[in-house]
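Read the structure below first, then the notes.
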Amino acid sequence: MNSRSFQPYSQPRKPRSTFAAVVAVAGLALAGCVAGEDSTGTSAVQEADGGTLTLDFATYNPLSLIIKDQGWLEEELADDGVTVEWVQSAGSNKANENLRSGAIDVGSTAGSAALLNRANGSPIKAIDVFSQPEWSALVVGADSGIESVADLAGKSVAATKGTDPYFFLVQALDEAGLSLSDVTVEQLQHADGRTALENGSVDAWAGLDPIMADAEQHGARLAYRNLDFNTYGLLAANESFLSEDPEQAQAVVNAYEKARAWAAANPDDTAQILADVAGLDPAVAKTVITERSNLDVDPAPGEAQRSVLTKIGPTLVETGDVASQEQIDEALDSLLDDSYVRNAEDAGA
Numbered sequence: 001m002n003s004r005s006f007q008p009y010s011q012p013r014k015p016r017s018t019f020a021a022v023v024a025v026a027g028l029a030l031a032g033c034v035a036g037e038d039s040t041g042t043s044a045v046q047e048a049d050g051g052t053l054t055l056d057f058a059t060y061n062p063l064s065l066i067i068k069d070q071g072w073l074e075e076e077l078a079d080d081g082v083t084v085e086w087v088q089s090a091g092s093n094k095a096n097e098n099l100r101s102g103a104i105d106v107g108s109t110a111g112s113a114a115l116l117n118r119a120n121g122s123p124i125k126a127i128d129v130f131s132q133p134e135w136s137a138l139v140v141g142a143d144s145g146i147e148s149v150a151d152l153a154g155k156s157v158a159a160t161k162g163t164d165p166y167f168f169l170v171q172a173l174d175e176a177g178l179s180l181s182d183v184t185v186e187q188l189q190h191a192d193g194r195t196a197l198e199n200g201s202v203d204a205w206a207g208l209d210p211i212m213a214d215a216e217q218h219g220a221r222l223a224y225r226n227l228d229f230n231t232y233g234l235l236a237a238n239e240s241f242l243s244e245d246p247e248q249a250q251a252v253v254n255a256y257e258k259a260r261a262w263a264a265a266n267p268d269d270t271a272q273i274l275a276d277v278a279g280l281d282p283a284v285a286k287t288v289i290t291e292r293s294n295l296d297v298d299p300a301p302g303e304a305q306r307s308v309l310t311k312i313g314p315t316l317v318e319t320g321d322v323a324s325q326e327q328i329d330e331a332l333d334s335l336l337d338d339s340y341v342r343n344a345e346d347a348g349a
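With my numbering as the guide, the letters of the sequence shown map in order to residues 1 to 349.
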């Protein structure tokens with residue numbers, strides 16, 4: 001791949017039972033494991049209910065789209081009677097909302113959003129790095145007179161609070177000697193932010209790929225880009241899920257590492273899957289995959305992510321999104337967990 005370089009809550013849990021074996025997926029042929037029916041016509045899988053694994057898919061997480069498309073988890077967990085349910089995340093904020101409520105076990109979130117969630121009491125762990133993207137930028141209309149971040153003073157900007165594009169905006173403003181008080185932030189979900197920009201309701205939009213790449217094709221312009229202001233794509237899981245079903249969590253990470261290898265070997269197919277799910281022109285999807293997504297990144301959460309999040313942490317405090325730096329420090333000390341990736345490597349994934 002080409003790289004361009006809240007409060008604490010009581011979370012409801014679904015009934016579960018763990019399955020027996022840790023799955024080694026990369027390089028192995030995943031055999032279909034649907035059990036046959038007994039003499040009464042009742043499926044053995046139905047009788048041996050292994051619970052439900054609920055995880056998200058997101059157009060900003062291409063590996064999730066590959067796993068869902070290929071059906072690897074459904075195939076792998078069928079023998080254990082585990083049902084796999086997929087929920088779409090429209091942004092990191094939605095993934096975090098679903099993690100907090102217990103609606104999903106595993107979700108796709110930007111590093112900044114994961115840190116925000118953990119610092120505000122959500123018991124999540126980052127168990128895999130799915131990408132090192134350039135997925136955020138400041139976007140304006142083709143005929144806009146805005147040429148630099150400084151030109152945003154007194155203007156309106158659409159942004160999705162709690163996501164990388166929002167924190168990209170905060171950092172860009174700070175670099176230009178401005179703050180959030182110098183602009184009017186319109187809190188809109190990513191797709192709605194694009195619509196607001198196109199209909200003239202706002203002057204600029206803190207954009208997110210692949211929606212941003214599609215907007216470019218239709219005339220929008222990236223007024224400001226900075227790879228260093230994009231945080232990593234992290235796969236986050238609830239601690240209760242990790243404690244109760246570590247084998248399922250391992251199966252998810254194994255599948256992610258299989259998808260990473262598959263994407264490297266099949267970039268055109270990866271772009272096509274993204275195009276199909278997101279409703280994009282295949283050429284736009286290919287730009288996102290080959291030019292603005294580094295999927296071939298070290299998947300083990302560690303010092304690279306800590307370094308980036310250490311820089312973004314004070315910003316979360318300054319904006320009032322987190323009450324204190326102490327909460328940031330505690331979150332950084334407990335957020336990153338590389339054990340599942342290391343186990344996947346040991347298993348041959």
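In this text, a Cβ means the ideal position worked out from N, Cα and C, and glycines have one as well.
These numbers come from a predicted model, not from an experiment.
{"Query": "If you follow the alpha helix (DSSP H) that Phe168 is part of, which residue opens it and which one closes it?", "Result": "Asp164 to Glu175"}
{"Query": "First and last residue of the alpha helix (DSSP H) that includes Ile67?", "Result": "Pro62 to Gln70"}
{"Query": "Measuring alpha carbon to alpha carbon, tell me which residue in Pro210, Glu147 and Ala255 is nearest Ala223.", "Result": "Glu147"}
{"Query": "Can the beta-carbon of Phe167 be found less than 9 Å from the beta-carbon of Ile312?", "Result": "yes"}
{"Query": "Can we count Val253 as close to the ligand ATP, meaning its CB is less than 8 Å from some heavy atom?", "Result": "Here there are no bound small molecules, and the ligand ATP is not part of this structure."}
{"Query": "By how many angstroms is the C-alpha of Thr59 removed from the C-alpha of Ala278?", "Result": "6 Å"}
{"Query": "Rounded to whole angstroms, what is the Cα-Cα separation between Leu234 and Leu77?", "Result": "23 Å"}
{"Query": "With DSSP as the reference, label Tyr256 as helix, strand or coil.", "Result": "helix"}
{"Query": "Starting from the Cα of Arg430, find the closest Cα among Ala285, Arg194, Leu336 and Pro246 and give me that residue.", "Result": "Residue 430 is absent from the model: the chain starts at 1 and stops at 349."}
{"Query": "Distance, Cα to Cα, His218 vs Asp192?", "Result": "16 Å"}
{"Query": "Would you call the CB atoms of Ser334 and Arg118 closer than 9 Å?", "Result": "yes"}
{"Query": "Between the C-alpha atoms of Thr52 and Gly102, what's the straight-line distance to the nearest angstrom?", "Result": "12 Å"}
{"Query": "DSSP three-state call for Ser156: helix, strand or coil?", "Result": "strand"}
{"Query": "In this structure, how does DSSP classify Gly81 when only helix, strand and coil are distinguished?", "Result": "coil"}
{"Query": "Could you pull the start and end residues of the alpha helix (DSSP H) that Thr290 belongs to?", "Result": "Pro282 to Glu291"}
{"Query": "Apply the 10 Å Cβ neighbour rule to Ala162 and answer buried if 16 or more other Cβ atoms are within range, or exposed otherwise.", "Result": "Note that residue 162 corresponds to Gly in the displayed sequence, not to Ala. So Gly162 ends up on the buried side."}
{"Query": "Classify Ala265 as buried or exposed, calling it buried when 16 or more other Cβ atoms lie within 10 Å of its own Cβ.", "Result": "exposed"}
{"Query": "What separation, rounded to the nearest whole angstrom, lies between the Cα atoms of Gly200 and Glu216?", "Result": "16 Å"}
{"Query": "Pull up the distance between the alpha-carbon of Pro301 and that of Gly81, whole angstroms please.", "Result": "30 Å"}
{"Query": "Over what stretch of residues does the beta strand (DSSP E) that includes Ala110 continue unbroken?", "Result": "Val106 to Ala110"}
{"Query": "Helix or strand or just coil, what does DSSP make of Trp262?", "Result": "helix"}
{"Query": "Would the segment 245-254 and the segment 177-188 be scored as touching if the rule is three or more Cβ pairs under 8 Å?", "Result": "no"}
{"Query": "Using a Cβ-Cβ distance cut-off of 9 Å, determine whether Leu53 contacts chain B.", "Result": "Going by chain labels, chain B is absent from the structure shown, which holds only one protein chain."}
{"Query": "Using 8 Å for Cβ pairs, my map puts Ala410 next to Trp205. What's the rounded Cβ distance?", "Result": "Past the edges of the chain, shown from 1 to 349, lies residue 410, and the structure says nothing about it."}
{"Query": "Below 8 Å, how does it come out for the segment 125-144 and the segment 83-91: are there three or more Cβ pairs, yes or no?", "Result": "no"}
{"Query": "Three-state secondary structure (DSSP) at Thr52?", "Result": "strand"}
{"Query": "In chain order, what residues of the same chain lie with their CB nearer than 8 Å to the CB of Pro314, ignoring the 5 residues before and after it?", "Result": "Gln325 and Ile328"}
{"Query": "Using CA coordinates, which residue listed in Asp56, Pro62, Val322 and Thr54 is at the minimum distance from Trp262?", "Result": "Pro62"}
{"Query": "Based on the DSSP secondary-structure assignment, which residues constitute the bridge partners of Asp187?", "Result": "Looking at the sequence shown, residue 187 is not Asp but Gln. In DSSP, Gln187 forms a bridge with Ala159."}
{"Query": "In three-state DSSP terms, what is Val202?", "Result": "coil"}
{"Query": "What residue range is occupied by the uninterrupted beta strand (DSSP E) comprising Asn96?", "Result": "Counting along the chain, Asn96 falls outside any beta strand (DSSP E), though it belongs to the alpha helix (DSSP H) covering Ser92 to Ser101."}
{"Query": "Please return the same chain residues whose Cβ sits closer than 7 Å to the Cβ of Phe57, not counting the five positions on each side in sequence.", "Result": "Ser64, Leu65, Lys68, Trp86 and Gln88"}
{"Query": "Ends of the alpha helix (DSSP H) at Leu242?", "Result": "Glu239 to Glu244"}
{"Query": "Would you call Gly320 buried or exposed, if buried means 16 or more other Cβ atoms sit within 10 Å of its Cβ?", "Result": "exposed"}
{"Query": "Suppose you measure from the CA of Leu274 to the CA of Leu138; what does that come to, to the nearest Å?", "Result": "22 Å"}
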